[in-house]
Structures are given as C-alpha cells and as structure tokens.
Amino acid sequence: MKFHPKNLLQVTLVCFVLILSFSCNKDSDLLAEYVVENPQSFLVNDVVVTLANNPIVISPLSNDTFEEPEKVAITEVTPPKMGTAVVNDDNTITYTPDTDQTGSDEFDYSASVTNPDNTVTTETGSVTVTVTDKTPTEPTSPSEMGALKAFPGAEGFGKNTTGGRGGIVVEVTNLNDSGSGSLRSALDMKGKRTIVFKVAGNINLNSYLSVGPDNGDLTIAGQTAPGGGITIANHGIRIQGSNTIVRYLRFRPGNSADTGEDAVTIVAYSGRTTKNVILDHCSISWGKDENFNIGAIGGNGVNNVT
3 MKFHPKNLLQ VTLVCFVLIL SFSCNKDSDL LAEYVVENPQ SFLVNDVVVT LANNPIVISP
63 LSNDTFEEPE KVAITEVTPP KMGTAVVNDD NTITYTPDTD QTGSDEFDYS ASVTNPDNTV
123 TTETGSVTVT VTDKTPTEPT SPSEMGALKA FPGAEGFGKN TTGGRGGIVV EVTNLNDSGS
183 GSLRSALDMK GKRTIVFKVA GNINLNSYLS VGPDNGDLTI AGQTAPGGGI TIANHGIRIQ
243 GSNTIVRYLR FRPGNSADTG EDAVTIVAYS GRTTKNVILD HCSISWGKDE NFNIGAIGGN
303 GVNNVT
C-alpha cells in the first residue's frame with residue numbers, strides 16, 4: 003500500500019492530536035490530585051469588635067488555611083454600610099466606623115491565590131464588625147472574652163463546640179458511599195479536621211455513616227457544597243465522637259434504612275461520654291424509626307448538644 007503525501011499529512015495530524023490529548027489529560031489528572039490532596043485555601047469568616055470612632059486593623063488571613071500564604075493577596079473589599087474598609091499592603095484591612103455610629107457591620111473581601119501551575123484563583127470571605135460604645139474597664143484578651151462559639155450565632159448547650167478548628171481541611175470530591183474522596187472516608191479519619199464539599203447531590207449510602215468515639219474534633223461544612231447542596235440518602239448518621247459540628251446537610255434515610263435506624267443519632271456506648279455536638283441548618287426527615295435520637299447505651303451519657 004502506498005502513502006500519498008495527502009494521506010501522510012492526515013496521519014501526522016492525527017498522531018499530533020492524540021499526543022496533545024494524552025498530555026493534557028495527564029496534566030489535568032495531576033492538577034486534580036493536587037487540589038484533592040493539597041487544598042490551597044479555605045477562607046474562614048472573621049468576627050471583630052471595635053469601639054465607636056476607633057479604626058481597627060483586621061488580619062483576615064490569619065485564621066485561614068493556606069499551604070503557601072506568601073502566594074495569597076487580598077485584592078479588594080466590598081463597601082461596608084457603617085464605615086470604610088481599605089486594603090493595606092501587608093494583607094490587612096483597616097476598618098474605620100462612621101462618626102458616632104454603633105451596631106453590626108459587614109463586608110466581603112477577595113483574595114487571589116497563585117496555584118502551583120501559576121494559574122490564579124479567587125476566594126471570597128466575609129468580616130463582621132461590631133462597633134460598640136462600651137469601653138472595657140480592662141484590656142481585652144481572648145481569655146476574658148469567654149469561649150469562642152462554634153460559629154457566629156451559635157446557641158444552646160453545644161454553642162462552644164470547636165469542631166475541627168485549627169486542624170486540616172479535607173475535601174469530599176465524589177458522591178460515592180465509600181472510598182477515596184468520599185464523605186465516609188473523611189469521617190473515618192482522626193484528628194482535627196474540617197470537611198468541605200467540591201460536589202453536590204445525593205450520597206446514596208449502603209449503610210449508616212458513623213462518627214466513631216475516636217473520630218470527633220470534626221466540622222462538616224455542608225454550606226461549602228455547590229448548587230443544591232448535599233443530601234444523605236438511604237441511611238442516617240450515628241455520632242459518638244465528641245466535639246462535632248454538622249451544618250447545612252439534608253438527611254433522608256427512607257425505606258432503605260435498617261429496621262430501628264434513626265436519621266440522626268447522638269449516642270454514647272460502653273462507659274464513654276459523648277459531649278459538645280451541634281447541628282445547624284440541617285433538614286432531617288424520613289427516619290425509619292425516629293428522625294432524631296439522643297441517648298446512652300451502657301455509656302455515661304450525652305452532654306452539651308444543640
């Protein structure tokens with residue numbers, strides 16, 4: 003068989019396209035692996051207090067999670083309603099309240115993050131400022147302000163739960179029942195951690211989820227899911243680990259759940275105590291037995307739950 007110049011040109015072009023395709027896929031896989039295993043940023047909202055007529059310098063990146071903070075820069079802020087906010091060269095923000103104004107104010111800030119492949123992504127966080135006319139009689143320190151709440155507006159016995167604060171960020175990257183990147187895998191980890199979601203939809207379980215007695219110190223941040231959020235379907239969740247925060251999730255076990263299985267159970271077993279648990283903005287229904295259950299089976303009890 004003879005190849006004509008026209009045919010040879012076509013074969014060459016096809017080979018070139020295939021090489022480019024495989025190279026791009028490899029680069030994409032490497033970047034995806036980097037994003038999953040090395041989350042670069044997670045902006046935590048800030049809450050600060052200042053006196054009326056007194057500017058305050060805020061460091062919003064100080065409580066955020068960045069592997070390379072030197073590659074992060076605050077680029078802009080939205081205008082607050084009761085004052086002004088100006089970005090400084092050292093990645094701080096100076097907030098100046100309007101004259102004689104008191105109350106609660108809020109603004110957003112944008113931060114640009116330079117990724118390992120030199121692309122730049124933008125993250126957004128918010129700052130809440132309380133302007134008060136009450137001058138403290140003594141210098142204010144963290145120990146004098148009382149325990150930090152689980153999140154702004156937290157109430158009830160579980161309001162001071164710290165969850166995964168100060169720990170690592172774990173990303174849920176698929177809706178699988180188990181395996182790498184699944185919610186179950188993130189729950190089975192130990193140590194302080196905040197679970198965030200890169201996907202949205204139904205997680206159809208084959209068995210109930212469990213936060214074991216040694217798997218607490220955990221925040222499940224359902225509000226980070228895109229689109230319609232996350233629904234836990236077919237089975238519920240059993241929480242034994244202390245110091246657990248669960249936010250913005252839907253629980254719908256339905257008829258697939260086991261007999262006697264609750265949608266959400268907070269329980270202590272075998273002489274243990276489960277304490278400091280708070281659920282916020284969670285929708286719970288379709289439990290096979292009960293939608294929500296708190297109890298101890300051979301344990302010392304369950305304390306401080308909201």
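Counting in this note's numbering, the final residue of the sequence shown is number 308, and the numbers go up one at a time with none missing. Idealized CB from N, CA, C, for every residue including glycine. In this text the structure is predicted, and so the values were computed from the model without any measurement.
{"Item": "Span of the beta strand (DSSP E) holding Ser184?", "Value": "Careful: Ser184 lies outside any beta strand (DSSP E) and carries neither H nor E."}
{"Item": "To which residues does DSSP link Val46 through a beta bridge?", "Value": "Answer is none; Val46 lacks a bridge partner."}
{"Item": "Is Ile280 near Val304, with beta carbons less than 9 Å apart?", "Value": "no"}
{"Item": "Rounding to the nearest angstrom, what Cα-Cα distance links Asp291 and Val266 in this structure?", "Value": "10 Å"}
{"Item": "I'd like to confirm the pairing. Which residues does DSSP put opposite Thr308 in its beta bridges?", "Value": "Paired residues: none, contrary to the question."}
{"Item": "Which term fits Phe24, buried or exposed, when burial requires 16 or more other beta carbons within 10 angstroms of its beta carbon?", "Value": "With a pLDDT of 43 at Phe24, under the threshold of 50, the predicted position of this residue should be treated as unreliable, though the coordinate-derived value follows. Classification of Phe24: exposed, given that the 10 Å Cβ count is below 16."}
{"Item": "On the three-state DSSP scale, how would you describe Ser272?", "Value": "coil"}
{"Item": "Quick check: the region 89 to 102 against the region 56 to 65, are at least 3 beta-carbon pairs closer than 8 Å?", "Value": "yes"}
{"Item": "For Ile296, collect the residues of the same chain with a Cβ closer than 7 Å to its Cβ; drop the 5 residues on either side in sequence, then sort them by chain order.", "Value": "Ile268, Val304, Val307"}
{"Item": "Compute the Euclidean distance between the alpha carbons of Leu150 and Thr164, then round it to the nearest angstrom.", "Value": "8 Å"}
{"Item": "Any contact of the region 248 to 255 with the region 215 to 229, i.e. 3+ C-beta pairs under 8 Å?", "Value": "yes"}
{"Item": "If Ile205 sits next to Ile232, beta carbons under 8 Å apart, how far is it from one beta carbon to the other, in whole angstroms?", "Value": "7 Å"}
{"Item": "For Lys277, which beta-bridge partners are listed by DSSP?", "Value": "Asn305"}
{"Item": "Could you tell me the distance, in whole angstroms, from the CA atom of Asp135 to the CA atom of Leu53?", "Value": "6 Å"}
{"Item": "Go ahead and pull the three-state DSSP assignment for Asn162.", "Value": "coil"}
{"Item": "Would you list the one or two residues that DSSP bridges to Pro2?", "Value": "Outside the shown range of the chain, which is 3 to 308, sits residue 2, and nothing can be said about it."}
{"Item": "What are the residues that DSSP puts in a beta bridge with Gly231?", "Value": "In DSSP, Gly231 forms no bridge with anything."}
{"Item": "Confirm the yes/no value for this check: CB of Gly303, any heavy atom of the ligand NAD, distance under 8 Å.", "Value": "Among the ligands in the structure shown, none appear at all, so the ligand NAD cannot be discussed."}
{"Item": "Are the CB atoms of Ser287 and Arg254 nearer to each other than 9 Å?", "Value": "yes"}
{"Item": "With distance defined between alpha-carbon atoms, name the residue in Thr275, Gly127, His237, Leu207 nearest to Asp264.", "Value": "His237"}
{"Item": "How would you call Glu70, buried or exposed, if buried means at least 16 neighbouring beta carbons within 10 angstroms?", "Value": "exposed"}
{"Item": "Would Asn278 be called buried (16 or more neighbouring beta carbons within 10 Å of its own) or exposed?", "Value": "buried"}
{"Item": "Would you identify the three-state DSSP class for Ser258, choosing helix, strand or coil?", "Value": "helix"}
{"Item": "Going by beta carbon distance, what residues of the same chain come within less than 8 Å of Ser112, once the five residues before and after it are set aside?", "Value": "Ile76, Thr77, Glu78, Val79, Thr124, Glu125, Thr126"}
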